[in-house]
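Presented below is the structure to which this report refers.
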Amino acid sequence: GSTFYQTYSLSLVEPWLGGKKPIQLSTSFSHTIQYFYDYRTRDVDKSRRFLITGGAGFIGTNLIKKLISEGHDVHSLDNYDSGTIDNHVDGCNYHTGDIENIGLMDRDFDKVFHLAALSRIQPSFNNPDETYRVNTTGTQKVCEFVRHTNAKLVYAGSSSRWHDPHQSPYAACKHLGEEVCKMYKKT
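Structure (structure tokens):
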């Protein structure tokens with residue numbers, strides 16, 4: 001059957017297949033991207049259209065490089081709060097915008113990789129409202145976008161969520177983001 005979303009983090013991957021526990025990946029970042037890419041696109045034998053939220057960041061840039069090298073049509077949505085234009089990859093179509101405005105994007109995507117987030121624990125204590133807006137409400141907006149487009153969603157989880165989601169606004173909001181994805185998957 002089809003799956004509404006999958007979740008992963010840099011150090012942990014939970015495929016949500018058969019209730020498997022998270023598995024530890026290599027500490028090598030390139031191994032993580034390779035596993036992430038292979039697992040998520042292994043059924044792809046033709047060019048597909050992908051949207052990467054947070055595509056101007058470190059992880060998004062490396063994923064975009066891999067997808068473009070395989071001949072896919074790749075688009076990025078980023079607000080450039082932490083991503084930079086210096087990370088742009090030739091061949092990717094970049095769109096500047098806030099994650100809450102994802103509904104304004106073209107809706108013809110096969111898969112959305114949701115990497116956009118406020119990703120630092122310490123700053124989340126200084127601005128919990130913005131952390132919630134981006135990491136939880138933003139994820140809900142992405143889920144709603146995907147629901148209307150029939151695309152598949154890959155959600156970037158966080159290893160912080162697996163320790164104690166009550167330890168920081170960041171961990172709590174990433175945990176809530178996963179719960180939002182689960183809700184959309186079930187409804």
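Okay, so the sequence shown: first residue is 1 according to this note's numbering, each after it adds one.
We treat Cβ as the ideally placed atom computed from N, Cα and C, and that holds for glycine.
Whole-Å CB distance - residue i paired with residue j, under 8 Å assumed
i	j	result
Gly157	Leu115	11 Å between Cβ atoms; not a contact.
His72	Arg48	5 Å
Val142	Thr61	With 8 Å as the limit, Val142 and Thr61 do not qualify as a contact, their Cβ atoms being about 19 Å apart.
Neighbourhood of residue i by C-beta, 6 Å cutoff - its chain only, sequence neighbours within 5 removed
i	result
Leu51	His75, Phe109 and Val112
Asp38	Since pLDDT at Asp38 reaches only 46, below the 50 mark, its modelled position is unreliable, and the value read off the structure follows with that caveat. Result list for Asp38: empty, nothing under 6 Å.
Gln140	Val180
Ala172	Pro165
Contact check, residue i vs residue j, beta carbons under 8 Å
i	j	result
Thr136	Gly177	yes
Phe125	Pro169	yes
Own chain, CB closer than 8 Å to residue i, minus 5 neighbours either side, in chain order
i	result
Arg120	Tyr170
Neighbourhood of residue i by C-beta distance below 7 Å, restricted to the same chain and skipping five residues each side
i	result
Arg147	Tyr184
Residue(s) in a DSSP beta bridge with residue i
i	result
Tyr94	Ser76
Tyr114	As written in the sequence, residue 114 is His, which differs from the Tyr given in the question. The partner list for His114 (beta bridge, DSSP) reads Thr53 and Tyr155.
Candidates the options, of which the one nearest residue i by Cα
i	options	result
Asn79	Lys46, Gly91 and Ile102	Ile102
Gly83	Gln122, Ile68 and Gly55	Gly55
Leu63	Lys46, Asp81 and Asn87	Asn87
Leu77	Asp98, Gln122, Thr131 and Gln167	Asp98
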